[in-house]
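*Asks:* What follows is a single structure, and I will ask about it in a moment.
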Amino acid sequence: TMALNVAKLYETDWSIATTGYCTPIRNSSYKIFAFFSFSYKGEIIHTGKLELHPKTQALNAQLYYTEFILGCFKTEVSKNREVQSRLQLKTNGNERIKAS
Numbered sequence: 187t188m189a190l191n192v193a194k195l196y197e198t199d200w201s202i203a204t205t206g207y208c209t210p211i212r213n214s215s216y217k218i219f220a221f222f223s224f225s226y227k228g229e230i231i232h233t234g235k236l237e238l239h240p241k242t243q244a245l246n247a248q249l250y251y252t253e254f255i256l257g258c259f260k261t262e263v264s265k266n267r268e269v270q271s272r273l274q275l276k277t278n279g280n281e282r283i284k285a286s
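So, in structure tokens, the structure goes:
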């Protein structure tokens with residue numbers, strides 16, 4: 187997917203990819219929507235779709251997409267940090283046991 191290719195292109199662990207429409211046109215069936223996904227270390231960890239009212243102004247749609255998607259991304263990063271912290275605690279705990 188696009189998120190995996192973004193991570194590969196920029197040689198990064200995390201990536202965000204979005205695509206969609208902020209104005210209702212024929213190609214979008216006159217709907218306003220965006221798809222998004224996040225990848226972490228070569229895996230897609232979250233995908234979603236946002237749909238807005240067709241009368242939403244283009245700039246407002248862009249702002250909403252940005253705020254919502256970055257909020258979701260922050261949540262995923264926080265979840266990952268919690269998991270990494272737990273793994274680190276387990277690793278440190280095991281090292282102490284092995285050393286004693």
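In terms of the working numbering, the sequence shown opens at residue 187 and continues consecutively. Using N, Cα and C, we set each Cβ at its ideal position, and we do this for glycine too. Model, not experiment: these values are computed from the prediction.
With residue 196 as the anchor, note down where its alpha helix (DSSP H) starts and where it stops.
*Replies:* Taken as a continuous stretch (DSSP letters only), the alpha helix (DSSP H) holding residue 196 covers 188-196.
*Asks:* Is residue 207 helix, strand or coil by DSSP?
*Replies:* Residue 207: strand per DSSP, three-state reduction.
*Asks:* Just tell me which of 270, 217, 203 and 250 has its CA closest to the CA of residue 230.
*Replies:* Ranking 270, 217, 203 and 250 by Cα distance to residue 230 puts 203 first.
*Asks:* Output the distance between the C-alpha atoms of residue 241 and residue 247, rounded to the nearest integer angstrom.
*Replies:* Cα to Cα, residue 241 sits roughly 10 angstroms from residue 247.
*Asks:* So what does DSSP say about residue 261, is it helix, strand or coil?
*Replies:* Residue state, collapsed to three classes: helix.
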